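Worksheet: one structure, shown below.
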Amino acid sequence: MRAGGVPTRSAAGSKDHAIAGGARGGMASRKATLKRCPQFDESGEVSSLPSGSRPMGAGHVFSFTGRDFPDPRQWWAHAGLRGSDSTAAAARAAEEETLATTRLPERATEASLRVAWVLGKNKKPFSDAEVVKECMSEVVTVLFQGTQKDEIIQKINQITCSDSTAARRTEILADDLLEQLSSAIKKAKFISLAVNESTDITDNAQLMVFVRFFDEEKGEFHEDVLGLANLHGHTRGDDIYEAVTQMLRDRAIDLKHVVSIATDGAPCMIGKERGLVSRLRTHHPDLMAYHCIIYQMVLCTSLGERYSEVMTTVMKLVNYLRASSALQHRLLRLFQIEVNATFDDLLLHNNVRWLSKGKVLEHFWALRKELETFLLDQKSAKAKPFVDFMKNDEKMEIVAFLTDITSHLNDLNMKLQGKNSTVCDLMLAVRAFQRKLEVFKCDLQQDLLHFPRLLEQTAGKHHHHNYAEFLDKLIKNFQTRFEDFPLGKQVLLCIENPFLVKNIAEFSNEATKVFQRASAASLQTELIELQENLALQESHCDLVTFWTKMVTAAGVPLLQ
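The opening residue of the sequence shown carries number 3 in the numbering used here; numbering runs sequentially from there.
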C-alpha cells in the first residue's frame, strides 16, 4: 500500500546521473564503495575485479586476487611466526612494511577513483583532475616539511589524474553504481516507476524513467534514475512502451514486480488504446497508474484571458529589457546598481520551468519603479507601450495579484518536489493548499493578509477586479483534477496512522478500488487486529519502520 508515483525531476545522462545520484549519501556512507575495485594488471592498465569480490570498506584490505586480504595476525600465525614478544614485534614491523609497499599502487588507484568521484559529483570536466593533483602538491608543500613532505609528494605523483584516466575511472564508478542499482531492484518485491518524456534544446525527444522501491537490506525506500532513452522519430505510446520495456529487460526486471506508474496526462502516456499505461496493462492488469501530481497542479493554474494578457505583457517587457540588446542589458544592470535596487537584474521566463514565471514576477514587482524610470529615460518608440502599461494602475494591480498568487503556488510546487516524499506527503500538501485557497478567497474581501503586493498597490482601497472569481476557478480546478485520485482519504489515513481510521467499511471500499484483488473482508479484519494491538499502539518509530517491520511482525500481511 506504499506503492505510488514519485514526482519527476530532471537529470543528465544515465551514467553521469548515476554518479551524481549515488553521491547523495557521500563517501562517508560508503554507498559508492566499489564492488568491482580496479587493480593494475600486468600491462599497467586498470582492470576490474570479479563481480563477486567484496567491496572495500572499514576493516577490509585490498587484495590482488579478488579475495579479502587475510587478517595480518592470522597471516603470521599460519606462517608459523608466532613466538616471543620480540619475534611478534618484528613480524608486525615486517608486516607493516610489506603492506605499505604492496598497497601503494592500490591506494593511488583508489585516490584516483575518489578524485573522479568528486569531479562527477560536482559536474566538473575530467581535465580538472590534473588541477586537483597540482593543488594537492601545493598544499603539501606548505603544510609539511622534510622527508615527510617528500614522501607525501612522491605518493601524490603516483596518482594518475589525466583526463582520459578520469574518464575511465568515471565509467567504472558509473557501471558499478548501475550494477548495484540493478541488483537492489531485482531483490525488490514491488517497484514503482515515474516516466516523463521531454524535448531537449536540440529537439531530440528524451525519455526519463525513475524507479522507487523498498531496499530490504538497508531497510529504506530508494528512488533513483532507472535510465534515459533517446526517442528517435515518433514519440507515440508504442514507441515509449518499447523504450520502457527495453529498459526493464536490460536491467533484468520482471514487469510483474512493477505495481504502479506515474506519468503526465499526454495521450501517448494514458491513451485508452495505444498509450503506455494501456500497453503495460496488457501484461500486468493490476498495474496502478497515477497522473503526476505536479503536472496536475500546473494544469490547475491556467490563467484566464484577462490575466494571460497582463502576464504576456510583463514577459515581453522583461525580454525587451534583457534580450533585445546586450548594451541595453548592461545599462539596465548599471542603472539598478546605481539606484540601489532590490535586485541587480531581471529574470528571464522559461515555459519549461514551472517556478520560473513566479520568480520573474517577483523580480519585476520589486524593480517596477526603477524599470519605469529606466524606460522613461530611453525615450524610444519601442519602450513607450511598456511605459504606458506600467503607469496603468489597473494593469499593475493585476500584476500585484498575480505576483502574490504565483508566490503561493510556487510554495506548493516546492513542497511537491524533492526526494523521498510519499504519496501521502504530496496529497497532504495539495489538500492543505485547497483549504488555503478558501482562506485566500475570504481574505480578498477583508485585510489582504495573504496578498501584500496587492495591498501595497491598492493602498487598502477597493480593488478594480473581482479576483475572487479567479480563485473560484482555481478551487474548482483543484477539486476536479484531484477528486479522482486513486488513493482515497481513508487509505491515505491508514498509511499515515492506521489507528485513526474509524470508518473501516469506507476504508475497505477505497482500498479494493485500487487493489482489486484484495479481499475487503480480510482488510477489515486485519485493520481491526492491528488497531487492537497495544504493542503497536505504543511503538514510536517512523512510517517506513512501522509498515516494513512492525506490521509484518503483527501478522497482517495484506495490510502490509
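Ideal Cβ placement from N, Cα and C applies to all residues, glycine included. Computed from a prediction, not measured in an experiment: that's the story for all the values here.
Asked	Found
With a threshold of 16 other CB atoms inside 10 Å of the CB of M416, please say whether the residue is buried or exposed.	exposed
For my contact list, V553 and L532 are in at a C-beta cut-off of 8 Å; report their separation, rounded to the angstrom.	7 Å
Indicate whether L230 and Q208 have their beta-carbon atoms separated by less than 8 Å.	yes
Let me check one thing: in DSSP terms, what residues is L230 bridge-paired to?	M210
Counting along the chain, where does the alpha helix (DSSP H) carrying G428 start and finish?	Residue 428 is actually Leu in this sequence, not Gly. Per DSSP, L428 belongs to the alpha helix (DSSP H) from V425 to L446.
Using the rule of at least 16 other Cβ atoms within 10 Å of the residue's Cβ for burial, across every protein chain shown, is S194 buried or exposed?	buried
Can you tell which of I400, R253 and K318 has its C-alpha closest to the C-alpha of E307?	I400
Kindly identify the DSSP beta-bridge partner or partners of F263.	Here residue 263 turns out to be Ile, not Phe, going by the sequence shown. Beta-bridge pairing links I263 to L195 and A291.
Provide the residue span of the alpha helix (DSSP H) that contains L456, from first to last.	P454 to T460
Are the segment 207-227 and the segment 536-555 in contact at 8 Å, needing three or more beta carbon pairs?	yes
Relative to the C-alpha of K361, which residue among T172, M313 and L561 is closest?	M313
Kindly confirm or deny that the segment 455-463 and the segment 419-435 touch, where touching means at least three C-beta pairs closer than 8 Å.	no
Buried or exposed, going by whether 16 or more other CB atoms sit within 10 Å of the CB of E199?	buried
From L489 to F391, what distance separates their C-alpha atoms?	46 Å
From this set, D130, A291, K258 and H259, which residue's C-alpha is nearest G273's C-alpha?	A291
Could you check what DSSP says for D217 in three-state terms: helix, strand or coil?	strand
Label C444 either buried or exposed according to how many other C-beta atoms from any shown protein chain fall within 10 Å of its C-beta, with 16 as the threshold for buried.	exposed
Taking only three categories from DSSP, how would you classify T315?	helix
Could you check the C-alpha separation between L378 and F403 for me, to the nearest Å?	25 Å
In angstroms, rounded to a whole number, what distance separates the CA positions of Q518 and D288?	7 Å
If you draw a straight line from the alpha carbon of T143 to that of I155, how long is it in whole angstroms?	8 Å
Compare the Cα-Cα distances from Q447 to each of A470, T527 and E512 and report the closest residue.	A470
For the alpha helix (DSSP H) that contains G235, what are its first and last residues?	No alpha helix (DSSP H) holds G235; DSSP gives it neither H nor E.
Which of the three DSSP states is assigned to H224 in this structure?	strand
If I measure Cβ to Cβ from R26 and keep anything under 6 Å in the same chain, skipping five residues before and after, which residues do I get?	Note that R26 scores a pLDDT of 34, beneath 50, so its modelled location is shaky; the value from the coordinates is reported in the next line. Closer than 6 Å at the Cβ level, and outside the excluded window around R26, lies no residue.
Does the segment 507-514 come within contact of the segment 432-440, defined as at least 3 CB pairs closer than 8 Å?	no
In three-state DSSP terms, what is F64?	Confidence at F64 is low in this model, with a pLDDT of 27, below 50, so the placement of that residue should be treated as unreliable; the coordinate-derived value is given next. It is coil, neither helix nor strand.
Please state whether the Cβ-Cβ distance between A431 and L414 is less than 8 Å.	yes
Can you tell which of L250, E498, A513 and S541 has the C-alpha that lies nearest to the C-alpha of H259?	L250
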